[in-house]
Amino acid sequence: MAKRGVTVLSSELWKNALELFPGGVNSPVRAAVKPFPFYTKEGRGAFLITEDGRKLIDFVLGYGPLILGHSPPRVKEKVIEQIEKGWLYGTPSRAEVELARKITSHMHSIEKIRFVNSGTEATMNAIRLARGFTKREKIIKFDGNYHGAHDYVLASAGSAATEFSVPDSDGIPKDVLKTVIVCPYNQLECVEKHLKNEDVAAVIVEPIMGNMGVIPANQSFLEGLRELTRTYNTLLIFDEVITGFRVGLEGAQGYYTVYPDLTTLGKIIGGGFPIGAFGGKREIMENLTPSGKVFNAGTFNANPISMVAGIATIEELEKGKAYEIANKAVKEISEELDKAPLDHVVNSVKSMFQIFFGVKSVENADDARKANKEKYIEFQKALLDRGVFFPPSQFESVFTSSAHTEEVVNETLDKIRKVLSEMR
Ligand SMILES: Cc1ncc(COP(=O)(O)O)c(C=O)c1O
Ligand SMILES: N[C@H](C=O)CCC(=O)O
């Protein structure tokens with residue numbers, strides 16, 4: 001490899017990466033960019049600058065966290081300020097109290113919260129807590145929902161687990177899998193059948209699926225889950241790692257006005273720095289160590305950098321303008337896509353959407369799997385050739401941010417029109 005400071009192209013970095021990392025990457029979806037991933041050296045506003053000197057309009061946004069775009073000034077300022085004061089104390093800090101206050105003031109179902117370091121940790125701990133609280137072992141999850149990369153949830157998982165054909169990962173103990181029941185999304189029959197056995201600790205659900213493309217829940221599905229879980233004394237967990245602070249300050253629970261017992265968060269609440277959180281009713285959360293007997297701990301839990309970045313991000317979102325811009329971008333782009341005389345459907349909610357070719361509607365994971373994935377990749381690659389970066393997998397969401405201004409959207413629309421006309 002060339003010396004530091006000398007320009008090294010993505011192709012050369014990739015050759016090195018293939019020798020160093022399994023499959024060349026550190027999270028599988030990144031290897032879905034063909035023929036090899038471009039390497040990013042800078043992120044600014046709505047743009048990524050690659051090691052090859054390309055400027056791309058970014059609709060991946062770190063897979064969701066960057067709702068204010070790359071390096072927003074206020075977040076940057078607060079992080080630099082915090083760096084001057086140290087970045088890890090191993091003690092509580094003021095910032096964790098402030099971020100927790102902010103989150104709980106918007107998401108009223110969260111009375112107490114615990115900060116961890118990723119969405120994966122958030123769902124793993126929420127499930128353990130539900131099991132500890134209810135003294136039951138089973139959980140219900142939904143086909144195609146993705147809740148991170150831990151043993152409890154890698155059954156019929158979406159996102160890269162579906163993209164790379166491992167929805168049921170190797171390496172998970174059979175006894176763990178026996179505790180996981182998978183039901184179809186947007187249907188209640190399977191859920192009710194299993195809840196009747198009164199041995200299910202929790203139902204965990206993405207209230208808007210963002211890991212098989214975008215698939216919104218039907219209102220009646222979430223309402224039904226709420227009612228059934230109450231009836232059978234099972235906890236309802238909303239996994240809002242993507243939707244929390246993306247579809248609004250109250251997340252998907254505010255959007256649907258259906259409130260869970262526990263919520264998991266990540267991505268946006270850390271302003272682009274590593275974070276996860278889980279929270280909910282006081283009497284459930286009090287079962288966590290040190291007040292209760294369900295263990296959770298972490299060296300980097302509530303690290304001050306993620307805390308201040310999260311506070312600055314939510315403060316910006318509270319002004320409303322960021323949501324307005326990000327949502328408008330999706331509206332305009334999805335309307336343009338809708339108009340195209342292709343056999344396709346666009347699913348969108350607020351600042352997230354995805355297009356599916358060759359299907360009339362997508363309401364669950366089965367529908368998403370039936371979509372023409374090859375056509376999506378043809379579309380994605382053609383856009384990338386023209387400087388627009390959409391997710392390299394059908395089973396991810398397209399995201400927008402407050403940096404996706406009118407000018408950026410117009411440039412994107414122009415490129416989309418050209419690509420679509422070539423695809424007909
Ligand atoms: C809904 C959902 N839950 C959990 C996770 C896991 O989060 P992380 O990648 O931060 O571990 C993700 C994304 O990865 C997600 O989209
Ligand atoms: N779909 C995943 C999270 O939302 C994508 C991030 C990753 O797995 O790297």
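Numbering (full-length UniProt numbering), first residue to last: 1 to 424.
Glycine residues also receive a C-beta, built at the ideal position from the N, C-alpha and C atoms.
{"Item": "Quick one: grab the DSSP three-state call for residue 239.", "Value": "strand"}
{"Item": "Mind reading off the beta-carbon distance from residue 25 to residue 389? Whole number of angstroms is fine, and I expect it under 8 Å.", "Value": "16 Å between Cβ atoms; not a contact."}
{"Item": "Are the segment 262-274 and the segment 113-124 touching by the rule of at least three beta carbon pairs closer than 8 Å?", "Value": "yes"}
{"Item": "So residue 425 packs on residue 123, CB below 8 Å; how close in whole Å?", "Value": "There is simply no residue 425 to check, as the chain begins at 1 and stops at 424 in what is shown."}
{"Item": "Cβ of residue 341 within 8 Å of any heavy atom in ligand 2?", "Value": "no"}
{"Item": "Is residue 30 near ligand 2, going by C-beta to nearest heavy atom under 8 Å?", "Value": "yes"}
{"Item": "Please identify the residue among 117, 423, 38 whose C-alpha is closest to the C-alpha of residue 299.", "Value": "117"}
{"Item": "Compute the Euclidean distance between the alpha carbons of residue 370 and residue 395, then round it to the nearest angstrom.", "Value": "12 Å"}
{"Item": "By Cβ distance, which residues of its chain are closer than 7 Å to residue 100, with the 5 residues on each side in sequence left out?", "Value": "113"}
{"Item": "Distance check for residue 250 and residue 108, CA to CA, integer angstroms please.", "Value": "8 Å"}
{"Item": "Please determine, among 328, 231, 240, the residue with the shortest C-alpha to C-alpha distance to residue 406.", "Value": "328"}
{"Item": "Is residue 326 near residue 360, with beta carbons less than 9 Å apart?", "Value": "no"}
{"Item": "CB-CB under 7 Å to residue 226, same chain, minus the five flanking residues each way: which ones, in chain order?", "Value": "236, 258"}
{"Item": "Can the beta-carbon of residue 352 be found less than 9 Å from the beta-carbon of residue 64?", "Value": "yes"}
{"Item": "In whole angstroms, give me the CA-to-CA distance for residue 41 and residue 293.", "Value": "45 Å"}
{"Item": "Going by the CB atoms, is the gap between residue 256 and residue 217 shorter than 9 Å?", "Value": "yes"}
{"Item": "Residues in its own chain within less than 7 Å of residue 404 by CB, not counting five upstream and five downstream?", "Value": "46, 325, 326, 329"}
{"Item": "Per DSSP, residue 358 is paired with what?", "Value": "None, per the DSSP bridge assignment."}
{"Item": "From the DSSP output, in three-state form, read off residue 350 for me.", "Value": "coil"}
{"Item": "Could you please give me the residues that DSSP links to residue 58 through a beta bridge?", "Value": "389"}
{"Item": "Work out the CA separation of residue 363 and residue 347 for me, nearest whole Å.", "Value": "9 Å"}
{"Item": "Please name the residue or residues paired with residue 42 in a DSSP beta bridge.", "Value": "49"}
{"Item": "In chain order, what residues of the same chain have a beta carbon less than 7 Å from the beta carbon of residue 445, not counting five sequence neighbours either side?", "Value": "The structure shown does not extend to residue 445, since the chain is modelled only from 1 through 424, so no value can be given for it."}
{"Item": "Near ligand 2, which residues have their beta-carbon less than 6 Å from any of its heavy atoms, given in chain order?", "Value": "27, 29, 63, 64, 146, 159, 160, 211, 242, 396"}
{"Item": "Reducing DSSP to helix, strand and coil, say where residue 289 ends up.", "Value": "coil"}
{"Item": "Would residue 215 pass as a contact of residue 208 if the rule is Cβ separation under 9 Å?", "Value": "yes"}
{"Item": "For residue 96, which residues in the same chain have their Cβ closer than 7 Å to its Cβ, ignoring the five residues on either side in sequence?", "Value": "115, 302, 307"}
{"Item": "Can you tell which of 382, 401, 366 has the C-alpha that lies nearest to the C-alpha of residue 184?", "Value": "366"}
{"Item": "Using a Cβ-Cβ cut-off of 6 Å (strictly less than) and excluding sequence neighbours within five positions of residue 167, which residues of its own chain qualify?", "Value": "156, 157, 161"}
{"Item": "Run the CB neighbour count on residue 219, radius 10 Å, all protein chains shown included, and call it buried at 16 or more, exposed below.", "Value": "exposed"}
{"Item": "Let me confirm a value: residue 261 is counted as buried when at least 16 other C-beta atoms fall within 10 Å, else exposed. Which label applies?", "Value": "buried"}
{"Item": "What residue from 222, 52, 229 has the CA that sits closest to residue 194's CA?", "Value": "229"}
{"Item": "When every heavy atom of ligand 1 is checked, does at least one fall within less than 8 Å of the C-beta of residue 169?", "Value": "no"}
{"Item": "Consult DSSP for residue 138 and reduce its assignment to one of helix, strand or coil.", "Value": "strand"}
{"Item": "With a threshold of 8 Å, establish whether the CB of residue 252 neighbours any heavy atom of ligand 1.", "Value": "no"}
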